[in-house]
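Structure record follows, encoded as structure tokens.
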Amino acid sequence: MYNPATDRSPISPSFTANPFDKYKSAREGTLPDGINGIGTGSWPDRFSARKKVGERRRVVRVIVIAFLVGFLIWFFVTPLNWTSGRNSGELYTPPADQPEGKAQHDSIDRFNPQVDGPIIPHESREQFGKEKASFVMLIRNQELQDALKSMKQIEDRFNHRYHYPWTFLNDVPFTEEFIRETTKRASGKTEYGLIPKEHWSVPDNIDQDKMRAAMKKMEQDRVIYGGSLSYRHMCRFNSGFFWRQELLDKYEWYWRVEPGIGFYCDVDYDPFEFMRLSGKKYGFTITLPEYKSTIATLWPQTLEFMKKNPQYLNSNSSLQYLLEDKDQGKELSSDPPPEYNGCHFWSNFEIASLDLWRSEAYRNYFDHLDNAGGFFYERWGDAPVHSIAAALFLGTQEVHHFADMGYMHVPWSRCPQPDEFHKYSKCVCPFEKKDSFDLNGWSCQPRWWKIAGKEYGA
Ligand SMILES: Nc1nc2c(ncn2[C@@H]2O[C@H](COP(=O)(O)OP(=O)(O)OP(=O)(O)O)[C@@H](O)[C@H]2O)c(=O)[nH]1
Ligand SMILES: [Mg+2]
1 MYNPATDRSP ISPSFTANPF DKYKSAREGT LPDGINGIGT GSWPDRFSAR
51 KKVGERRRVV RVIVIAFLVG FLIWFFVTPL NWTSGRNSGE LYTPPADQPE
101 GKAQHDSIDR FNPQVDGPII PHESREQFGK EKASFVMLIR NQELQDALKS
151 MKQIEDRFNH RYHYPWTFLN DVPFTEEFIR ETTKRASGKT EYGLIPKEHW
201 SVPDNIDQDK MRAAMKKMEQ DRVIYGGSLS YRHMCRFNSG FFWRQELLDK
251 YEWYWRVEPG IGFYCDVDYD PFEFMRLSGK KYGFTITLPE YKSTIATLWP
301 QTLEFMKKNP QYLNSNSSLQ YLLEDKDQGK ELSSDPPPEY NGCHFWSNFE
351 IASLDLWRSE AYRNYFDHLD NAGGFFYERW GDAPVHSIAA ALFLGTQEVH
401 HFADMGYMHV PWSRCPQPDE FHKYSKCVCP FEKKDSFDLN GWSCQPRWWK
451 IAGKEYGA
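First residue of the sequence shown: 1, per UniProt numbering; consecutive thereafter.
Below, the structure is given as structure tokens:
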């Protein structure tokens, strides 16, 4: 009799040996005692009987497979020759070239669902989040797989409940494959923008010989991306132009996403709504110092701009977060002026107000920097440019550290520290809490905590 207290399985009640032993002994041609479920007779007899059954089965299998293949060919190929209607499998025709800066196209209309797989039409992608907001990804076609990895995590951890749209930007047209796969991965609508040439080229005021010489020198000095022109376009674009793209005109908020990031905790509130309701304008996850060799004259240029435009300095600015230890307590106008410590909010993650960049203060600041030429003669990053502006033009209380978010961009990651937070937000951080970048000696987080205090999760 089967005794649940001692027997392992109700299926073979008397069997108490390792269940895999029966297959092992079958291979070796012996049956262990007491197993009645496997059959009777010696192994060679049973083997030849099985062989006949096996041949019959093989014939049946071939017929079934042939039938299935025939059906699939009929299913996929025949409808393509039908003549009317998108739903009946109308062949996809690439659209004519779109003018630069416009949406590349309405991606959904370009799918053939029978070839590309199921896809939710735009009209069914109702946005549940109430803010005028979009994810923004500047990206190259060849980074598709890393884009999908980033999207998958953000969708699973947050956006599948809110369906905020995704806006993709590129200096060359997106490929069919990129559009199809990213649209499949999104729960919200997707739009694809082609960046106008003047937002991604060397402006007339730049002396190109001087620029080339500077790039060569930086490359020789092994400055990261020091010899790259496309990296310079990217940094200038993210500083002065992404927020001017027509596709973003309808939004007030954006969440910048980069390919290949890690996003480790559930976010079960709406960060855009949080930003609006709590009067925040700029949100970050990681802060660290910039390579000084890439921004030699960024701070002197900033001081010059602020001297001409002192009205833009917020009365509750985060100036001290930007200043070297020896200069703590100084003003911008101190003599000698304070030095910049290089700390910036890492801009590969940003949740921020587009109006911050659309403001008169920031537009004038960007124009001043662009005229100075440091995006090309040096290699000014959009991160220090954004951060200096956010620290000077906003009040400290308008800048938010998303301490509840677990985040990684190579080579640094951070996660919330409190245990209860990990449980609550179901964080899965692939490193120990003590290795969170907030606690690393390079992190500027302690400087931020000093002036802004700690947020929950820090
Ligand atoms: N369309 C386009 N996107 C670019 C180009 N260069 C960089 N990007 C995108 O701009 C963002 C920042 O570029 P990254 O190469 O990630 O720069 P980074 O984060 O400073 O450096 P790593 O991630 O360490 O390489 C990413 O989303 C890139 O996909 C480019 O030439 N064309
Ligand atoms: Mg990156």
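Cβ atoms here follow ideal geometry from the backbone N, Cα and C, with glycine treated the same way.
In this structure, DSSP gives MET408 an extended state, which the three-state scheme calls strand. TYR254 is a Cβ neighbour of LEU248, given a cutoff of 8 Å.
Cβ contact annotation for ASP270 (same chain, cutoff 8 Å, sequence separation greater than five): GLY129, LYS130, GLU131, TYR162, in chain order.
Taken from the Cβ of GLU350, every heavy atom of ligand 2 lies 7 Å or farther away. Per the coordinates, the alpha-carbon of CYS265 lies some 8 Å from the alpha-carbon of HIS422. With respect to the C-alpha of ARG125, the residue from PHE284, LYS189, THR294 having the closest C-alpha is LYS189. For VAL223, the shortest C-beta to heavy atom distance toward ligand 1 is 7 Å or greater.
HIS409 has its CB nearer than 7 Å to a heavy atom of ligand 2.
Three or more Cβ pairs drawn from the region 276-283 and the region 349-361 lie within less than 8 Å of each other, which places the two stretches in contact. Distance from the CA of TRP299 to the CA of LEU392, rounded to the nearest whole angstrom, comes to 12 Å. With a cutoff of 8 Å on beta-carbon distance, LEU169 and VAL202 are scored as not near each other.
For the 8 Å CB-CB criterion, ASN238 and ASP382 form a contact. Along the length of the region 288-349, whole alpha helix (DSSP H) runs at least 4 residues long occupy 298-308, 319-322, reported in chain order. For ILE120, DSSP records no beta bridge to any residue. For the 8 Å CB-CB criterion, GLY457 and ALA390 do not form a contact.
Here GLU191 carries a strand assignment [DSSP, helix/strand/coil]. Contact check between the region 327-335 and the region 283-296: fewer than three CB pairs, one atom from each, fall below 8 Å, which does not count as touching. Under the three-state reduction of DSSP output, LEU394 falls in the coil class, being neither helix nor strand. PHE284 is a Cβ neighbour of TRP346, given a cutoff of 8 Å.
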